[in-house]
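This report refers to the structure that appears directly beneath it.
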Amino acid sequence: MITMTDRNEIISMYDKTGSIRATARNLGLNRKTITKYVNEYLEAKSSSESEFVAYLKSEPTYKDGSKRQKKVLTGCVCAMIDGFLKDNDEKRARGDKKLCMKATDIHSRLKSAGYDISYPSVTKYIQNKKNT
């Protein structure tokens, strides 16, 4: 995560060298990162004076990933996991605790059903269901 001072350092280094590659090499950052902040800087510089000053005083912004839609953990997958958890609850109520499916079993069932889902995604979903 780039801070305001890091961004200003990128801009000043770019002004000195005039090269994105040299700036990236000197600061040890990726060229794409340098390009992003240099392009923002050049856009703000070409706009009005007040917008340029506001850009220099503002913190760098990032996209909010919390609103991102989940790609793999769809409603169908959640319904299958909920079904497995419901079966586990019924087995526990009957006293067949050893027959309950673990997270690894649920994950392997989902994989065999053709869903490309990671084990941590399954365990996080199960943990969230237990906590709520």
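Counting from 1 along the sequence shown, just add 100 to a position and that's the residue number in the working numbering.
We treat Cβ as the ideally placed atom computed from N, Cα and C, and that holds for glycine.
Less than 8 Å between C-beta atoms, sequence neighbours within five positions excluded: which residues of the same chain meet that for ALA48?
The first residue shown for the chain is 101 and the last is 232, placing residue 48 beyond what the model contains.
With 16 as the cutoff for other CB atoms within 10 Å, does MET104 come out buried or exposed?
exposed
Could you check whether the Cβ of CYS200 sits closer than 8 Å to any Cβ belonging to chain D?
Checking the listed chains, one finds no chain D in this structure; it contains a single protein chain.
What are the start and end residues of the alpha helix (DSSP H) that includes MET104?
104 to 117
Can you have a look at MET101 and say buried or exposed, based on whether 16 or more other CB atoms are within 10 angstroms of its CB?
exposed
Can you find the residues in the same chain that come closer than 7 Å, C-beta to C-beta, to LYS170, ignoring five residues on each side of it along the sequence?
none
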